[in-house]
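In the working numbering, the protein residues as written are 76 to 474. From the three backbone atoms N, C-alpha and C, an ideal C-beta is built for every residue, glycine too. Only one structure is covered here, and it is reproduced in the block below.
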(Lines of atoms letter the chains of each structure in order from A; the text may use other names.)
(Lines give C-alpha, C1' and ligand atoms only; values in the text may rest on other atoms or scores of the structure.)
Protein backbone atom coordinates (compact mmCIF):
# COMPACT_ATOMS: atom_id res chain seq x y z
CA UNK A 76 0.00 0.00 0.00
CA UNK A 77 1.18 3.52 -0.69
CA UNK A 78 1.93 5.72 2.28
CA UNK A 79 -0.62 8.39 3.16
CA UNK A 80 0.59 11.97 3.46
CA UNK A 81 -0.67 14.80 5.66
CA UNK A 82 -2.29 17.59 3.61
CA UNK A 83 -1.39 20.12 6.29
CA UNK A 84 2.38 19.63 6.37
CA UNK A 85 3.28 16.76 4.05
CA UNK A 86 4.28 14.39 6.84
CA UNK A 87 3.68 10.64 6.76
CA UNK A 88 0.55 9.29 8.46
CA UNK A 89 0.81 6.44 10.92
CA UNK A 90 -2.32 4.27 10.99
CA UNK A 91 -4.13 3.67 14.29
CA UNK A 92 -7.13 1.42 14.95
CA UNK A 93 -9.21 2.89 17.78
CA UNK A 94 -10.97 0.88 20.46
CA UNK A 95 -14.20 1.38 18.49
CA UNK A 96 -12.65 -0.16 15.39
CA UNK A 97 -12.14 3.08 13.44
CA UNK A 98 -8.99 3.54 11.37
CA UNK A 99 -7.25 6.86 12.02
CA UNK A 100 -4.24 8.30 10.19
CA UNK A 101 -2.11 10.44 12.51
CA UNK A 102 0.65 12.76 11.27
CA UNK A 103 3.89 12.30 13.20
CA UNK A 104 4.96 15.86 12.38
CA UNK A 105 2.04 18.21 13.08
CA UNK A 106 -0.44 15.98 14.93
CA UNK A 107 -3.28 16.26 12.38
CA UNK A 108 -5.58 13.27 12.12
CA UNK A 109 -7.59 11.72 9.31
CA UNK A 110 -10.47 9.26 9.30
CA UNK A 111 -9.36 6.47 6.94
CA UNK A 112 -11.23 3.64 5.26
CA UNK A 113 -9.70 0.46 3.82
CA UNK A 114 -10.95 -0.24 0.30
CA UNK A 115 -9.36 -3.38 -1.11
CA UNK A 116 -5.60 -2.86 -1.13
CA UNK A 117 -5.88 0.90 -0.66
CA UNK A 118 -6.47 3.33 2.19
CA UNK A 119 -8.83 6.24 1.42
CA UNK A 120 -9.02 9.39 3.56
CA UNK A 121 -12.63 10.21 4.45
CA UNK A 122 -12.21 13.17 6.79
CA UNK A 123 -9.44 15.57 7.86
CA UNK A 124 -9.32 16.32 11.56
CA UNK A 125 -7.59 19.09 13.41
CA UNK A 126 -4.39 18.44 15.41
CA UNK A 127 -6.42 17.90 18.58
CA UNK A 128 -8.02 14.88 16.94
CA UNK A 129 -11.50 16.37 16.45
CA UNK A 130 -13.40 17.60 13.39
CA UNK A 131 -14.65 21.20 13.30
CA UNK A 132 -17.29 21.96 15.92
CA UNK A 133 -16.81 18.69 17.74
CA UNK A 134 -17.18 18.47 21.50
CA UNK A 135 -13.96 17.33 23.13
CA UNK A 136 -14.32 14.12 25.15
CA UNK A 137 -12.95 13.71 28.62
CA UNK A 138 -9.25 12.99 29.00
CA UNK A 139 -8.12 9.52 27.99
CA UNK A 140 -5.99 7.79 30.59
CA UNK A 141 -2.66 6.43 29.38
CA UNK A 142 -3.26 2.97 30.83
CA UNK A 143 -6.80 2.78 29.48
CA UNK A 144 -5.67 3.69 26.01
CA UNK A 145 -2.82 1.18 26.15
CA UNK A 146 -5.38 -1.50 26.94
CA UNK A 147 -7.33 -0.50 23.83
CA UNK A 148 -4.54 -1.60 21.52
CA UNK A 149 -1.27 -0.67 19.85
CA UNK A 150 -0.46 1.63 16.98
CA UNK A 151 1.87 0.04 14.45
CA UNK A 152 3.45 2.56 12.11
CA UNK A 153 4.11 0.38 9.07
CA UNK A 154 7.16 1.59 7.22
CA UNK A 155 8.35 -0.53 4.32
CA UNK A 156 7.72 -3.79 6.12
CA UNK A 157 9.38 -2.68 9.36
CA UNK A 158 7.36 -1.48 12.33
CA UNK A 159 7.84 0.69 15.36
CA UNK A 160 5.18 -0.12 17.94
CA UNK A 161 3.74 2.88 19.72
CA UNK A 162 0.98 3.00 22.35
CA UNK A 163 -2.47 3.86 20.97
CA UNK A 164 -3.74 6.94 22.75
CA UNK A 165 -3.81 10.71 22.50
CA UNK A 166 -1.07 12.15 24.67
CA UNK A 167 -2.20 15.78 24.75
CA UNK A 168 -2.45 15.71 28.53
CA UNK A 169 1.21 14.66 28.77
CA UNK A 170 2.73 16.91 26.10
CA UNK A 171 5.02 19.67 27.33
CA UNK A 172 5.39 22.72 25.11
CA UNK A 173 8.86 23.50 23.78
CA UNK A 174 10.50 26.61 25.14
CA UNK A 175 11.24 29.64 23.01
CA UNK A 176 14.61 31.30 22.68
CA UNK A 177 17.03 28.54 21.66
CA UNK A 178 18.01 28.92 18.01
CA UNK A 179 17.99 25.70 15.99
CA UNK A 180 20.04 25.75 12.79
CA UNK A 181 19.69 22.90 10.31
CA UNK A 182 23.17 22.07 9.00
CA UNK A 183 21.66 19.46 6.67
CA UNK A 184 18.53 17.33 6.37
CA UNK A 185 18.93 14.25 4.17
CA UNK A 186 17.65 10.75 3.58
CA UNK A 187 14.19 9.54 2.66
CA UNK A 188 12.68 6.23 1.62
CA UNK A 189 14.11 4.35 -1.34
CA UNK A 190 16.81 2.10 -2.74
CA UNK A 191 19.13 4.75 -4.19
CA UNK A 192 22.34 6.10 -2.64
CA UNK A 193 21.60 8.07 0.51
CA UNK A 194 18.07 6.66 0.87
CA UNK A 195 16.88 4.19 3.50
CA UNK A 196 15.39 0.84 2.50
CA UNK A 197 13.78 0.50 5.93
CA UNK A 198 13.23 2.95 8.75
CA UNK A 199 16.49 4.28 10.28
CA UNK A 200 16.76 2.95 13.80
CA UNK A 201 20.16 3.63 15.46
CA UNK A 202 22.81 6.28 14.86
CA UNK A 203 26.35 6.93 16.04
CA UNK A 204 29.00 9.53 15.16
CA UNK A 205 32.79 9.02 15.00
CA UNK A 206 35.57 11.53 15.71
CA UNK A 207 35.61 12.62 12.04
CA UNK A 208 31.93 13.51 12.14
CA UNK A 209 30.85 10.55 10.04
CA UNK A 210 27.34 9.29 10.82
CA UNK A 211 26.75 5.53 10.93
CA UNK A 212 23.06 4.58 10.75
CA UNK A 213 21.49 1.14 11.08
CA UNK A 214 18.01 0.58 9.68
CA UNK A 215 15.25 -1.80 10.75
CA UNK A 216 16.64 -4.48 8.46
CA UNK A 217 20.10 -4.17 10.08
CA UNK A 218 21.60 -2.47 6.98
CA UNK A 219 24.21 0.25 7.49
CA UNK A 220 24.47 3.69 5.85
CA UNK A 221 27.47 6.01 6.19
CA UNK A 222 27.23 9.80 5.75
CA UNK A 223 29.95 12.45 5.89
CA UNK A 224 29.97 15.41 8.30
CA UNK A 225 28.31 17.52 5.57
CA UNK A 226 25.54 14.97 5.01
CA UNK A 227 27.10 13.56 1.84
CA UNK A 228 26.38 9.88 1.28
CA UNK A 229 29.56 7.77 1.58
CA UNK A 230 28.72 4.07 1.75
CA UNK A 231 26.09 1.43 2.47
CA UNK A 232 26.27 -2.29 3.12
CA UNK A 233 24.18 -5.13 4.55
CA UNK A 234 24.73 -6.31 8.07
CA UNK A 235 27.46 -8.96 8.28
CA UNK A 236 26.30 -12.46 9.13
CA UNK A 237 25.57 -13.03 12.83
CA UNK A 238 25.74 -9.32 13.70
CA UNK A 239 22.86 -7.76 15.59
CA UNK A 240 21.80 -4.38 16.94
CA UNK A 241 24.28 -1.51 16.95
CA UNK A 242 25.66 -0.80 20.42
CA UNK A 243 27.83 2.23 19.61
CA UNK A 244 30.19 3.88 17.12
CA UNK A 245 33.69 4.32 18.56
CA UNK A 246 35.74 7.46 17.83
CA UNK A 247 37.92 5.51 15.37
CA UNK A 248 34.83 4.76 13.26
CA UNK A 249 34.37 1.15 14.34
CA UNK A 250 30.72 0.10 14.42
CA UNK A 251 30.10 -2.06 17.50
CA UNK A 252 27.22 -4.54 17.45
CA UNK A 253 26.14 -7.54 19.46
CA UNK A 254 25.98 -10.97 17.88
CA UNK A 255 25.29 -14.41 19.35
CA UNK A 256 26.56 -13.36 22.79
CA UNK A 257 29.60 -11.73 21.24
CA UNK A 258 30.74 -8.17 20.61
CA UNK A 259 31.52 -7.49 16.96
CA UNK A 260 33.60 -4.67 15.49
CA UNK A 261 32.60 -3.73 11.91
CA UNK A 262 34.81 -1.74 9.52
CA UNK A 263 32.66 1.06 8.00
CA UNK A 264 34.77 1.13 4.82
CA UNK A 265 34.46 -2.54 3.90
CA UNK A 266 31.38 -3.55 5.85
CA UNK A 267 33.26 -6.60 7.09
CA UNK A 268 33.72 -7.84 10.66
CA UNK A 269 37.12 -6.57 11.81
CA UNK A 270 37.06 -8.20 15.24
CA UNK A 271 34.97 -10.45 17.46
CA UNK A 272 35.12 -11.40 21.11
CA UNK A 273 32.81 -12.91 23.74
CA UNK A 274 30.37 -10.66 25.55
CA UNK A 275 31.74 -9.89 29.05
CA UNK A 276 31.39 -12.85 31.39
CA UNK A 277 27.92 -13.36 32.75
CA UNK A 278 26.33 -10.95 30.29
CA UNK A 279 24.40 -11.38 27.06
CA UNK A 280 22.27 -9.21 24.83
CA UNK A 281 19.13 -10.99 25.94
CA UNK A 282 18.80 -9.36 29.33
CA UNK A 283 16.08 -7.31 30.96
CA UNK A 284 16.71 -3.65 30.28
CA UNK A 285 19.81 -2.41 28.52
CA UNK A 286 21.91 0.52 27.40
CA UNK A 287 25.29 1.17 25.84
CA UNK A 288 27.40 4.21 24.96
CA UNK A 289 30.93 5.41 24.24
CA UNK A 290 33.09 6.18 27.29
CA UNK A 291 35.16 9.38 27.70
CA UNK A 292 38.35 7.51 26.74
CA UNK A 293 36.84 6.10 23.55
CA UNK A 294 35.83 2.70 24.88
CA UNK A 295 32.44 1.09 25.36
CA UNK A 296 30.07 1.03 28.34
CA UNK A 297 27.43 -1.71 28.53
CA UNK A 298 24.60 -1.48 31.07
CA UNK A 299 22.78 -4.69 31.89
CA UNK A 300 19.95 -5.68 34.21
CA UNK A 301 19.82 -9.29 35.39
CA UNK A 302 16.78 -11.47 34.70
CA UNK A 303 14.25 -11.34 37.52
CA UNK A 304 14.49 -14.17 40.04
CA UNK A 305 11.79 -15.79 42.14
CA UNK A 306 11.19 -13.78 45.28
CA UNK A 307 12.43 -10.47 43.82
CA UNK A 308 10.42 -7.37 44.71
CA UNK A 309 8.41 -6.72 41.53
CA UNK A 310 8.38 -2.97 42.18
CA UNK A 311 12.19 -2.76 41.97
CA UNK A 312 14.48 -3.28 38.96
CA UNK A 313 16.58 -6.46 39.29
CA UNK A 314 20.29 -6.17 40.06
CA UNK A 315 22.24 -4.15 37.51
CA UNK A 316 25.83 -3.94 36.25
CA UNK A 317 27.69 -1.28 34.28
CA UNK A 318 30.65 -2.82 32.42
CA UNK A 319 33.37 -0.45 31.21
CA UNK A 320 35.57 -1.59 28.31
CA UNK A 321 38.56 0.20 26.80
CA UNK A 322 38.92 1.06 23.11
CA UNK A 323 40.22 -2.47 22.49
CA UNK A 324 36.99 -3.75 24.08
CA UNK A 325 38.89 -5.23 27.01
CA UNK A 326 37.00 -5.08 30.29
CA UNK A 327 38.46 -2.54 32.74
CA UNK A 328 36.01 -2.53 35.63
CA UNK A 329 32.40 -3.07 36.71
CA UNK A 330 30.00 -1.02 38.77
CA UNK A 331 27.07 -2.81 40.40
CA UNK A 332 23.99 -1.91 42.39
CA UNK A 333 23.41 1.50 40.81
CA UNK A 334 19.61 1.63 40.72
CA UNK A 335 19.36 -0.04 44.14
CA UNK A 336 20.69 3.26 45.55
CA UNK A 337 18.23 5.39 43.60
CA UNK A 338 14.81 3.70 43.61
CA UNK A 339 12.89 2.67 46.71
CA UNK A 340 10.36 -0.16 46.77
CA UNK A 341 6.67 0.69 46.30
CA UNK A 342 4.18 -1.96 47.46
CA UNK A 343 1.50 -0.43 45.21
CA UNK A 344 3.55 -1.08 42.05
CA UNK A 345 3.71 -4.49 40.37
CA UNK A 346 5.97 -3.64 37.42
CA UNK A 347 9.26 -1.82 38.00
CA UNK A 348 10.61 1.02 35.83
CA UNK A 349 12.99 -0.09 33.07
CA UNK A 350 16.19 1.37 31.70
CA UNK A 351 16.23 2.35 28.03
CA UNK A 352 19.59 4.11 27.68
CA UNK A 353 22.74 5.44 29.29
CA UNK A 354 25.21 8.26 28.68
CA UNK A 355 28.58 9.16 30.22
CA UNK A 356 29.97 12.69 29.96
CA UNK A 357 33.60 13.79 29.73
CA UNK A 358 33.96 13.85 33.52
CA UNK A 359 32.76 10.26 33.84
CA UNK A 360 29.34 11.18 35.24
CA UNK A 361 26.84 8.43 34.43
CA UNK A 362 23.24 9.07 33.36
CA UNK A 363 20.68 6.25 33.22
CA UNK A 364 17.24 7.03 31.77
CA UNK A 365 14.30 4.98 33.06
CA UNK A 366 10.78 4.68 31.68
CA UNK A 367 7.82 3.92 33.91
CA UNK A 368 5.95 0.65 33.43
CA UNK A 369 2.78 1.82 35.18
CA UNK A 370 0.89 5.07 34.67
CA UNK A 371 0.90 6.16 38.30
CA UNK A 372 4.51 5.20 39.05
CA UNK A 373 6.52 8.43 39.10
CA UNK A 374 9.89 6.74 39.74
CA UNK A 375 11.05 7.31 36.16
CA UNK A 376 13.34 10.01 34.75
CA UNK A 377 17.10 10.45 34.50
CA UNK A 378 19.30 9.12 37.32
CA UNK A 379 22.76 10.64 37.76
CA UNK A 380 25.73 8.80 39.27
CA UNK A 381 29.34 9.87 39.75
CA UNK A 382 32.24 8.06 38.08
CA UNK A 383 32.38 5.59 40.99
CA UNK A 384 28.71 4.67 40.61
CA UNK A 385 27.43 6.65 43.59
CA UNK A 386 23.91 8.03 43.16
CA UNK A 387 23.78 11.84 42.95
CA UNK A 388 20.29 12.94 41.92
CA UNK A 389 17.11 12.13 40.00
CA UNK A 390 16.03 14.48 37.21
CA UNK A 391 12.27 14.38 36.65
CA UNK A 392 10.95 14.14 33.08
CA UNK A 393 7.54 13.87 31.47
CA UNK A 394 6.35 10.27 30.85
CA UNK A 395 8.28 8.64 27.99
CA UNK A 396 7.76 5.70 25.64
CA UNK A 397 11.36 4.71 24.86
CA UNK A 398 13.68 7.63 25.69
CA UNK A 399 17.16 7.99 24.19
CA UNK A 400 19.91 9.91 26.03
CA UNK A 401 23.27 11.21 24.79
CA UNK A 402 26.16 13.22 26.25
CA UNK A 403 27.69 15.62 23.73
CA UNK A 404 31.41 16.54 23.77
CA UNK A 405 30.56 20.12 24.74
CA UNK A 406 29.15 18.87 28.07
CA UNK A 407 25.44 19.05 27.27
CA UNK A 408 23.06 16.16 27.98
CA UNK A 409 20.20 15.56 25.53
CA UNK A 410 17.07 13.42 25.71
CA UNK A 411 14.63 12.40 22.97
CA UNK A 412 11.59 10.14 22.71
CA UNK A 413 9.50 8.66 19.86
CA UNK A 414 6.45 10.36 21.36
CA UNK A 415 7.81 13.85 20.69
CA UNK A 416 9.26 16.02 17.94
CA UNK A 417 11.46 17.90 20.38
CA UNK A 418 14.73 17.52 22.24
CA UNK A 419 15.12 17.98 25.97
CA UNK A 420 18.35 19.34 27.43
CA UNK A 421 19.33 18.47 30.99
CA UNK A 422 20.51 21.65 32.73
CA UNK A 423 21.37 22.47 36.37
CA UNK A 424 17.91 24.04 36.62
CA UNK A 425 16.04 21.07 35.16
CA UNK A 426 14.81 20.20 31.68
CA UNK A 427 14.85 22.70 28.80
CA UNK A 428 12.77 21.74 25.74
CA UNK A 429 13.69 22.53 22.15
CA UNK A 430 10.98 22.08 19.51
CA UNK A 431 11.92 20.58 16.15
CA UNK A 432 8.57 20.84 14.35
CA UNK A 433 9.94 23.55 12.05
CA UNK A 434 12.93 21.48 10.85
CA UNK A 435 12.37 20.79 7.13
CA UNK A 436 8.90 22.37 7.09
CA UNK A 437 9.75 24.88 4.35
CA UNK A 438 10.44 22.13 1.80
CA UNK A 439 8.19 19.33 3.05
CA UNK A 440 11.07 17.39 4.61
CA UNK A 441 9.99 17.33 8.26
CA UNK A 442 11.81 14.99 10.61
CA UNK A 443 8.73 14.19 12.68
CA UNK A 444 8.99 12.54 16.08
CA UNK A 445 12.50 11.52 17.09
CA UNK A 446 13.61 7.89 17.00
CA UNK A 447 17.26 8.28 18.04
CA UNK A 448 19.96 10.91 18.55
CA UNK A 449 23.75 11.19 18.61
CA UNK A 450 26.30 13.97 19.14
CA UNK A 451 28.88 15.37 16.72
CA UNK A 452 32.40 16.27 17.94
CA UNK A 453 31.52 20.00 17.97
CA UNK A 454 28.31 19.47 19.98
CA UNK A 455 25.84 19.45 17.08
CA UNK A 456 23.07 16.86 17.41
CA UNK A 457 22.10 14.24 14.83
CA UNK A 458 18.43 13.21 14.90
CA UNK A 459 16.58 10.51 12.98
CA UNK A 460 12.80 10.53 12.66
CA UNK A 461 10.28 7.83 13.45
CA UNK A 462 8.23 8.02 10.26
CA UNK A 463 10.02 10.43 7.91
CA UNK A 464 12.98 8.13 7.15
CA UNK A 465 15.29 11.16 7.30
CA UNK A 466 18.11 12.36 9.48
CA UNK A 467 19.35 15.85 10.18
CA UNK A 468 22.32 17.58 11.77
CA UNK A 469 21.23 20.40 14.05
CA UNK A 470 23.21 23.17 15.71
CA UNK A 471 21.38 24.32 18.84
CA UNK A 472 22.16 27.55 20.66
CA UNK A 473 22.80 27.76 24.36
CA UNK A 474 20.22 30.44 25.12
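- In this model, residue 300 and residue 438 are separated by some 44 Å (Cα to Cα).
- Comparing C-alpha distances from residue 455 to each of 210, 298, 80 shows the shortest one belongs to 210.
- In this structure, residue 414 sits near residue 395, with a CB-CB distance shorter than 8 Å.
- Pairwise C-beta distances place the region 443-454 out of contact with the region 419-429, as fewer than three of them are shorter than 8 Å.
- For residue 241, the enclosing beta strand (DSSP E) covers residues 241-244.
- When Cβ pairs closer than 8 Å are counted between the two stretches, the region 333-349 is seen not to touch the region 258-271, the count staying below three.
- Nearest in C-alpha terms to residue 234, of all of 227, 269, 375, is 269.
- Secondary structure at residue 299: strand, using DSSP grouped into helix, strand and coil.
- The beta-carbon separation of residue 376 and residue 351, rounded to 12 Å, does not stay under the 8 Å limit for a contact.
- In the structure shown, residue 207 falls within a coil segment according to DSSP collapsed to helix, strand and coil.
- Collapsing the DSSP output to three states places residue 381 in coil.
- Between residue 294 and residue 321, the CB-CB gap stays under 8 Å.
- Taking C-alpha positions only, residue 214 is separated from residue 182 by approximately 22 Å.
- Under the three-state reduction of DSSP output, residue 469 falls in the strand class.
- The residues 336, in chain order, have a CB closer than 8 Å to that of residue 385 in the same chain once the five nearest residues on each side in sequence are set aside.
- Taking every protein chain shown into account, the CB of residue 231 has 16 or more other CB atoms within 10 angstroms, so this residue is buried.
- Shown here, residue 417 sits in a strand according to DSSP, grouped into three states.
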